[in-house]
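With the numbering used here, the residue at position 58 of the sequence shown is 81, and numbering never jumps.
Cβ coordinates follow ideal geometry from the N, Cα and C atoms, glycine included.
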Amino acid sequence: VTKPDISLQLGLAPNSLGGAARNWLPVLHADDRDTFRTTLDVVLEHRRGKVAQNFRLRGADGHYHWFSLRARPVIGSDGEVIRCVGTMVDVTEQKKSEERLLHDAVHDNLTGLPNRELFMNRLEAIISIARTEDKVRPTVFIIDIDRFKQVNDGLGISAGDTILLTV
Numbered sequence: 024v025t026k027p028d029i030s031l032q033l034g035l036a037p038n039s040l041g042g043a044a045r046n047w048l049p050v051l052h053a054d055d056r057d058t059f060r061t062t063l064d065v066v067l068e069h070r071r072g073k074v075a076q077n078f079r080l081r082g083a084d085g086h087y088h089w090f091s092l093r094a095r096p097v098i099g100s101d102g103e104v105i106r107c108v109g110t111m112v113d114v115t116e117q118k119k120s121e122e123r124l125l126h127d128a129v130h131d132n133l134t135g136l137p138n139r140e141l142f143m144n145r146l147e148a149i150i151s152i153a154r155t156e157d158k159v160r161p162t163v164f165i166i167d168i169d170r171f172k173q174v175n176d177g178l179g180i181s182a183g184d185t186i187l188l189t190v
């Protein structure tokens, strides 16, 4: 059970995520399911530990929301886990900001194309693969605009940017 009800935030039926955490599996992002399941299994099996995990839940509209869960098990008189208590915070905006920063770090601000750093990283990776795989034969394709510096110098950087975006 979550308070406030996370189900409502996701546009789902009220309390549809109540009860056992396995009820969340159908709306958990596929990439997060194994880690989520493993973490819960360890806590349930050892009857101690903490859950500290970020994961995505799918809303009724099909979009995923990021959540940060910090919880610990509550042990009943029989020594078994009866529930987990903790906090769950929507961190979707934070994750979007992080993704934007990561993207911007390796992409050109004007064109959105991968920058030199990302290009070199990918080139090194494929060369490394090509050294061990005979069937992999990397090819580099270059597009160059002749006398582009003259365009920037003569017409201004704004005109050069417009040409770059058009190409």
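Beta carbon of residue i nearer than 9 Å to that of residue j
{"i": "Val-50", "j": "Leu-63", "result": "no"}
{"i": "Asp-54", "j": "Arg-79", "result": "yes"}
{"i": "Gln-32", "j": "Gly-82", "result": "yes"}
{"i": "Cys-107", "j": "Ala-44", "result": "yes"}
{"i": "Ile-98", "j": "Arg-139", "result": "no"}
Helix, strand or coil at residue i [DSSP, three-state]
{"i": "Asp-28", "result": "coil"}
{"i": "Val-114", "result": "coil"}
{"i": "Arg-81", "result": "strand"}
{"i": "Val-174", "result": "helix"}
Rounded straight-line distance, which links the Cα of residue j to that of residue i
{"i": "Ile-166", "j": "Leu-187", "result": "11 Å"}
{"i": "His-130", "j": "Gly-177", "result": "27 Å"}
{"i": "Thr-25", "j": "Leu-125", "result": "32 Å"}
{"i": "Pro-74", "j": "Val-66", "result": "Note that residue 74 corresponds to Val in the displayed sequence, not to Pro. When rounded, the distance between both Cα atoms is 8 Å."}
{"i": "Gly-42", "j": "Ser-120", "result": "32 Å"}
{"i": "Pro-27", "j": "Trp-47", "result": "16 Å"}
{"i": "Val-174", "j": "Leu-136", "result": "21 Å"}
Assumed close pair residue i, residue j - CB separation to whole angstroms, cut-off 8 Å
{"i": "His-88", "j": "Thr-115", "result": "5 Å"}
{"i": "Phe-90", "j": "Val-112", "result": "7 Å"}
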